[in-house]
Amino acid sequence: MSAPRISWRTAVVTGATTVLAGSGAGTVSWATYRLLMTQAGAARAVIGRDTSKPPEADGVYAPGATLPEPWRKGTPVDLHLMVFGDSTAAGLGCLSAADVPGVRLARGLAEATGQRIRLSTKAISGATSKGLAGQVDAMFVAGPAPDAAVILVGANDITKKHSIRASAHRLAMAVARLREADALVVVGTCPNLGTVIAIPQPLRTVVANWSVRLAKAQTVAIRMAGGIAVPMGSPLVASEFKAAPEILFATDGFHPSAAGYELAAAQLLPVLVDAVRTRPALPIAHSET
């Protein structure tokens, strides 16, 4: 997810309709619309514009190694892990490469399997599900599909008020293309934006409801496309963020902090490890061209 591209006006219009559905009180509806517009502006001001870039994290991660090995053509690896999605997939808000979610997953996978893991990141800050097609296209242009893929996407679909059905369908198409290329695919569904305290109430309740609905639609779409869904907005994860926002959010109040990314990776890693262990055996120490 990425704060700079939040399109609050559409969200507010739809949110006012949602909050006041069935009220029939025109003056109350207008008052609530104005309230949500004011709250949207306040949220924009608090979140601000994060123009920083996530730390460079790609490379080869070996069991027990402190630092990654730069990947070059012919470098031997056992498994290629690729990360797609938005700024949370890229690790915006992290100050160290070690805290980037892809790195946590690559290192955890290396330690759990004893394999050399190549990490490649295709995620782009600000991306929505619509942008996944371009990320997958870029992957095919650059080389063969990875052995395993992790996708984190959805928050920007909510802030830009994209259709839930269309967003889920776009995600399914990306998962299906990766599965057709024989990559196993693990997807972290849309986080619960009701945990973002920079968004005031009642607007926060509106976006929380949307994010829960999108996560449910994503889960169905992912499974139908052959992927594995991991609920990043589960009540357990959401309660953790609500209980300690000063620890789990970065300074912009929107993106996760290093501790927040650690919590997110902890949800994904066991699923990823299990998927890798149960898939057909991979050639050992193959090198990519």
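One point on numbering: in the numbering used here, the residue at position 219 of the sequence shown is 219, and numbering is uninterrupted.
Don't be surprised by glycine CBs; every beta carbon is placed ideally from N, CA and C.
Just so it is clear, the structure is predicted and the values come from calculations on it, not from any experiment.
Going by alpha carbons, who is nearest to residue i out of the options?
i	options	result
K161	A244, K53, L214 and A123	L214
G126	R118, S120 and Q135	Q135
L171	D58, A181 and A133	A133
P68	G227, Q267 and G102	G102
A176	G233, G227 and D86	G227
F303	I151, K53, T219 and N192	Lying before the first or after the last residue shown, residue 303 is absent from the chain, which here runs from 1 to 289.
P245	D274, I197 and T219	I197
K73	C190, A89, A90 and A142	A142
V100	G114, V83, T113 and A149	V83
S129	D252, D157 and P54	D157
A98	A62, A57 and G114	A57
A181	A148, I164, A208 and Y61	A148
I222	G114, H255, L152 and A258	L152
Given a threshold of 16 other Cβ atoms within 10 Å of its Cβ, counted over all protein chains shown, does residue i qualify as buried or as exposed?
i	result
T278	exposed
S120	buried
P231	buried
G59	buried
K122	buried
M224	exposed
D274	exposed
P70	exposed
A16	For A16, the predicted structure reports a pLDDT of 41, less than 50, and the residue's modelled location is therefore unreliable. The matter cannot be settled from this model.
L178	buried
L247	Going by the sequence as given, residue 247 is Ile instead of Leu. When all chains shown are included, I247 counts as exposed.
P144	exposed
G91	buried
V187	buried
V276	buried
A21	Low per-residue confidence applies at A21: pLDDT is 39, beneath 50, and the placement is therefore not dependable enough to give any value.
V81	For the sequence presented, residue 81 should be read as Leu rather than Val. By the 10 Å Cβ count, L81 comes out buried.
M159	According to the sequence shown, residue 159 is Thr rather than Met. The residue is buried, with at least 16 neighbouring Cβ atoms inside 10 Å.
Helix or strand or just coil, what does DSSP make of residue i?
i	result
G260	helix
V46	With a pLDDT of 49 at V46, under the threshold of 50, the modelled position of this residue cannot be trusted; read the value that follows with caution. Three-state DSSP puts V46 in a helix.
L229	Reading the sequence as shown, one finds Ala at residue 229 and not Leu. Strand, per DSSP.
V196	coil
P76	strand
Y128	Checking the displayed sequence, the identity of residue 128 turns out to be Thr instead of Tyr. Looking at T128 - three-state DSSP - the assignment turns out to be coil, as it is neither helix nor strand.
A275	helix
G108	helix
P202	coil
S211	helix
Q267	helix
V100	coil
V28	Unreliable positioning characterises V28 in this predicted model, as indicated by a pLDDT of 40, which lies under 50. A coordinate reading is not provided.
S239	helix
Q135	helix
K216	helix
I234	The question names Ile, but residue 234 in the sequence shown is Ser. If DSSP states are grouped into helix, strand and coil, S234 belongs with coil.
H162	coil
L178	helix
A314	Lying outside 1 to 289, the shown extent of the chain, residue 314 is not represented and no answer is given.
A142	helix
Across which residues does DSSP place residue i in a beta bridge pair?
i	result
S120	M82
V150	V83 and V186
E69	V60
F249	P256
Practice prompt. May I ask you to verify whether the region 102 to 113 touches the region 262 to 277, counting CB pairs closer than 8 Å and requiring at least 3?
Written response: yes
Fill in: Sufficient close CB pairs (3 or more, under 8 Å) joining the region 77 to 97 to the region 235 to 246
no
Discussion item. Closer than 8 Å is the cut-off here; do at least three beta carbon pairs connect the region 268 to 277 with the region 200 to 214?
Written reply: no
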